[in-house]
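First comes the structure, then the notes that go with it.
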Amino acid sequence: MSERPSLRSARGRWVWAALLLTACGPRPAAPDVVEDARVGGDHEGPGPDVVADVSQDAAVPDDAARDVANDSGAAPLIDASADSAADAAADSAAPDAGRTLRVLFVGNSYTYVNDLPAMLATLAARSRPAVTLAVESVTVGGATLQSHWESTGAQARLREARWDAVVLQGQSVEPLWQPTVFGAYADRFGALATIAGARALWFATWARRAGDGIYAEPFSGGTTDAMTARLESGYAMAQTRNGGALVRVGEAWRRALAARPALALHSDDGSHPSVAGTYLAACVFYGALVGGELSADSDFAAGVSAADAAALRGVAESVTRGM
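Just so you know, the sequence shown maps onto residues 26 to 348 in the working numbering.
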């Protein structure tokens with residue numbers, strides 16, 4: 026098993042991170058971690074406490090955004106290729122207690138609906154190599170990176186414990202309607218992750234279902250493909266500036282729906298994930314964290330057929346392996 030890449034070894038990035046956090050001034054006192062808000066949905070537009078910052082100039086052209094692409098960050102935290110066949114067989118039977126990764130999720134309802142962290146932990150325990158994930162979440166419905174930085178306790182939780190990785194997920198259209206603000210708070214979290222020794226995983230989310238009213242907004246790009254690309258470009262630029270890995274969940278959704286249009290990855294509201302959508306996201310995250318062979322078990326993804334699960338795993342592997 027290879028050593029986990031140390032962000033502290035990149036002295037220049039560490040120093041830059043410290044300077045950025047210093048420039049931000051004293052950090053606000055953080056309240057207790059807010060429990061997952063299980064009621065209400067992701068807000069559909071700018072909240073009253075956020076500066077609207079719709080900037081078409083900030084968008085990367087759609088084709089270029091999709092091509093960001095295969096350079097989505099460093100290698101997985103665990104090098105699955107280093108395992109022998111015998112090790113892989115043993116891993117499939119039970120998690121290896123020596124491989125425990127601590128992962129903090131910072132996000133909103135796109136993360137807590139269907140409990141993505143728990144589904145990922147189950148998937149990781151059953152895949153090869155099997156990995157034990159100790160997951161925690163700071164998730165609030167409709168939260169932006171700005172609101173997480175200022176008021177949810179995400180800063181404090183990231184500072185208080187040792188994390189192997191921190192997943193950073195903004196509000197569902199935040200990179201589109203306020204790209205400058207999104208970028209500024211992405212940089213703050215990226216700098217804090219660097220200082221804390223945690224690898225930042227930038228959760229590039231999916232577009233709304235075709236026909237959603239969001240496509241009347243210029244910032245959306247007008248189509249699901251354009252919205253997917255623009256969302257990914259926002260997270261990709263954050264990853265380029267701050268390091269870590271781009272987790273291309275939105276692109277996986279785009280490919281899955283292109284291949285199997287009848288798949289219901291969205292819930293009834295056309296925004297949040299169905300169980301199948303969360304399962305696909307978990308498969309992409311496993312590839313980013315471990316890069317191994319996904320388990321064929323899908324009983325923990327209630328209502329997802331074996332055939333659909335197999336198709337979704339194939340899409341996730343194509344995305345995470347840069348195919």
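The beta carbon of each residue, even a glycine, is placed where N, CA and C say it ideally should be. If you're wondering where the values come from, they're calculated on a predicted model, not measured in any experiment.
Legend entry - Proximity to A287 [Cα-Cα], best of R234, R255, G246 and T303: Taking the first residue of the sequence shown as 1, we reach residue 287 at position 262. Nearest option by C-alpha distance: R234.
Inset, instruction - Could you tell me the distance, in whole angstroms, from the CA atom of G166 to the CA atom of N139? - result: For the purposes of this step, residue 166 is identified with residue 141 of the sequence shown, where counting begins at 1. For the purposes of this step, residue 139 is identified with residue 114 of the sequence shown, where counting begins at 1. CA-to-CA, the gap between G166 and N139 works out to about 13 Å.
Inset, instruction - Tell whether a beta-carbon distance below 8 Å holds between L158 and L141. - result: What you label residue 158 is simply residue 133 of the sequence shown in a count that begins at 1. What you label residue 141 is simply residue 116 of the sequence shown in a count that begins at 1. In this structure, L158 keeps its C-beta atom at 8 Å or more from the C-beta atom of L141.
Inset, instruction - Please find out if some non-hydrogen atom of the ligand SAM comes closer than 7 Å to the beta-carbon of W278. - result: For the ligand SAM, the structure offers nothing, since it holds no ligand at all.
Inset, instruction - Ignore the nearest five residues each way along the sequence and tell me which others in R338's own chain have a CB closer than 8 Å to its CB. - result: Residue mapping note: residue 338 aligns to position 313 of the sequence shown, counting from 1. Exclusion of the five residues before and after R338 leaves C308, L319 and A321 as the residues of its chain whose Cβ lies within less than 8 Å of its Cβ.
Inset, instruction - Using the Cα positions of L183 and R151, report the straight-line distance between them to the nearest angstrom. - result: Against the sequence shown, residue 183 aligns to sequence position 158. Against the sequence shown, residue 151 aligns to sequence position 126. Going by the C-alpha atoms only, they are around 27 Å apart.
Legend entry - Secondary structure, alpha helix (DSSP H): runs of 4+ residues fully inside the segment 186-250: Taken in chain order, the complete alpha helix (DSSP H) segments of 4 or more residues contained in the segment 186-250 are 199-202 and 204-221.
Legend entry - Helix, strand or coil at R127 according to DSSP, with G and I counted as helix: The count along the sequence shown starts at 1 and reaches residue 127 at position 102. R127: strand per DSSP, three-state reduction.
Inset, instruction - Let me know if A111 comes out buried or exposed under the rule of 16 or more other beta-carbons within 10 Å of its beta-carbon. - result: Translated into the one-based positions of the sequence shown, residue 111 becomes position 86. Here the model assigns A111 a pLDDT of 38, short of 50, so the residue's position is not dependable, and the following value carries that caveat. A111 should be labelled exposed.
Legend entry - E185 classed as buried or exposed, judged by whether at least 16 other C-beta atoms fall within 10 angstroms: Translated into positions along the sequence shown, residue 185 becomes position 160. In the assembly as shown, E185 is an exposed residue. Its beta-carbon has fewer than 16 other beta-carbons within 10 Å.
Legend entry - A336 - containing alpha helix (DSSP H), residue span: Numbered from 1 along the sequence shown, position 311 holds the residue referred to as residue 336. Taken as a continuous stretch (DSSP letters only), the alpha helix (DSSP H) holding A336 covers A331 to T345.
Inset, instruction - To the nearest angstrom, report how far apart A229 and Y135 are at their CA atoms. - result: Sequence index remark: in the sequence shown, residue 229 carries index 204 (1-based). Sequence index remark: in the sequence shown, residue 135 carries index 110 (1-based). Our two residues, A229 and Y135, have alpha carbons roughly 11 Å apart in a direct line.
Inset, instruction - With DSSP collapsed to three states, give me the class of D315. - result: Numbered from 1 along the sequence shown, position 290 holds the residue referred to as residue 315. First, the amino acid is wrong: residue 315 is Val here, not Asp. Coil, per DSSP.
Inset, instruction - Please name the residue, chosen from S343, F214, Q180 and S197, that lies closest to A281 on a Cα-to-Cα basis. - result: Reading the sequence shown from its first residue, position 256 is the one you call residue 281. When the alpha-carbon of A281 is set against those of S343, F214, Q180 and S197, the nearest one is in S343.
Inset, instruction - Identify whether H173 lies in helix, strand or coil by the three-state DSSP scheme. - result: Within the sequence shown, numbered from 1, the residue matching residue 173 stands at position 148. It is helical.
Inset, instruction - Measure the Cβ-Cβ separation of A313 and T345 and say whether it is below 8 Å. - result: Within the sequence shown, numbered from 1, the residue matching residue 313 stands at position 288. Within the sequence shown, numbered from 1, the residue matching residue 345 stands at position 320. Yes.
Inset, instruction - Below 7 Å CB to CB, which residues in the same chain sit around G195 once its five sequence neighbours on both sides are set aside? - result: Within the sequence shown, the letter at position 170 stands for residue 195. For G195, the CB contacts under 7 Å within the same chain, skipping 5 residues up- and downstream, are T169, L170 and F207 in chain order.
Legend entry - Cut-off 6 Å between Cβ atoms - residues of its own chain near R224, not counting five sequence neighbours on either side: Counting from 1 along the sequence shown, the entry for residue 224 is found at position 199. Excluding the 5 residues flanking it on each side, R224 has same chain C-beta neighbours closer than 6 Å at A190 and G269, in chain order.
Inset, instruction - Figure out for me which residue from M262, L201 and S176 has the closest Cα to the Cα of D212. - result: The sequence position of residue 212 within the sequence shown is 187, counting from 1. With distances taken between Cα atoms, D212 lies closest to M262.
Inset, instruction - Determine the contact status of T164 and Y137, defining contact as a CB-CB distance below 8 Å. - result: Counted from its first residue, the sequence shown places residue 164 at position 139. Counted from its first residue, the sequence shown places residue 137 at position 112. Contact flag set, yes.
Inset, instruction - Grab me the residues of Y210's own chain with a C-beta within less than 6 Å of its C-beta, minus the 5 sequence neighbours each way, in chain order. - result: To locate residue 210, count along the sequence shown from 1; it is residue 185. The residues are L170, Q171 and W174.
Inset, instruction - In angstroms with no decimal places, state the Cα-to-Cα distance between D324 and Y311. - result: Reading the sequence shown from its first residue, position 299 is the one you call residue 324. Reading the sequence shown from its first residue, position 286 is the one you call residue 311. Rounded to the nearest angstrom, the two C-alpha atoms are 17 Å apart.
Legend entry - Beta-bridge pairing of H291 - partner residues as DSSP gives them: If you number the sequence shown from 1, residue 291 lands on position 266. According to DSSP, H291 bridges with P298.
Inset, instruction - Find out if the Cβ-Cβ distance for the pair W188, V128 is shorter than 8 Å. - result: As a first step, residue 188 must be located in the sequence shown, where it is residue number 163. As a first step, residue 128 must be located in the sequence shown, where it is residue number 103. Here W188 is near V128, since their CB atoms are less than 8 Å apart.
Inset, instruction - Report back the beta-carbon spacing between W278 and L256 to the nearest angstrom; my notes put them in contact at under 8 Å. - result: Here the question's residue 278 lines up with position 253 in the sequence shown. Here the question's residue 256 lines up with position 231 in the sequence shown. Incorrect: roughly 10 Å between the Cβ atoms, too far for contact.
Inset, instruction - With a cut-off of 8 Å on the beta carbons, I'd call A332 and A326 a contact; round off their distance for me. - result: As a working note, residue 332 is residue 307 in the sequence shown. As a working note, residue 326 is residue 301 in the sequence shown. Not confirmed; about 13 Å, so no contact.
Inset, instruction - Please name the residue, chosen from T125, V315, V131 and A143, that lies closest to F214 on a Cα-to-Cα basis. - result: The sequence position of residue 214 within the sequence shown is 189, counting from 1. Residue V131 is the option with its Cα nearest to F214.
Inset, instruction - Report the partner residues of G132 according to the DSSP bridge assignment. - result: The residue given as residue 132 occupies position 107 in the sequence shown. G132 pairs with T164.
Inset, instruction - From the DSSP output, in three-state form, read off V138 for me. - result: Here the question's residue 138 lines up with position 113 in the sequence shown. Coil at V138, not helix or strand.
Inset, instruction - List the whole-angstrom C-beta distance separating N200 from G259, where the pair is believed to meet the contact cut-off of C-beta under 8 Å. - result: Position 175 of the sequence shown, counting from 1, holds the residue named residue 200. Position 234 of the sequence shown, counting from 1, holds the residue named residue 259. First, the amino acid is wrong: residue 200 is Pro here, not Asn. The C-beta distance from P200 to G259 rounds to 3 Å, short enough to meet the 8 Å contact threshold.
Inset, instruction - Alpha carbon to alpha carbon, how far is D237 from G295? Give it in angstroms, no decimals. - result: Taking the sequence shown and counting its residues from 1, one reaches residue 295 at position 270. Taking the sequence shown and counting its residues from 1, one reaches residue 237 at position 212. C-alpha separation (whole angstroms): 7 Å.
Legend entry - Alpha carbon of L226 to alpha carbon of P101, nearest angstrom: Stepping through the sequence shown from its first residue, residue 226 is reached at position 201. Stepping through the sequence shown from its first residue, residue 101 is reached at position 76. For L226 and P101, the distance between alpha carbons rounds to 11 Å.
Legend entry - Pair within 8 Å by beta-carbon distance, A301 and V329: Walking along the sequence shown from the start, residue 301 turns up at place 276. Walking along the sequence shown from the start, residue 329 turns up at place 304. Yes, the pair counts as a contact, with Cβ atoms nearer than the cut-off.
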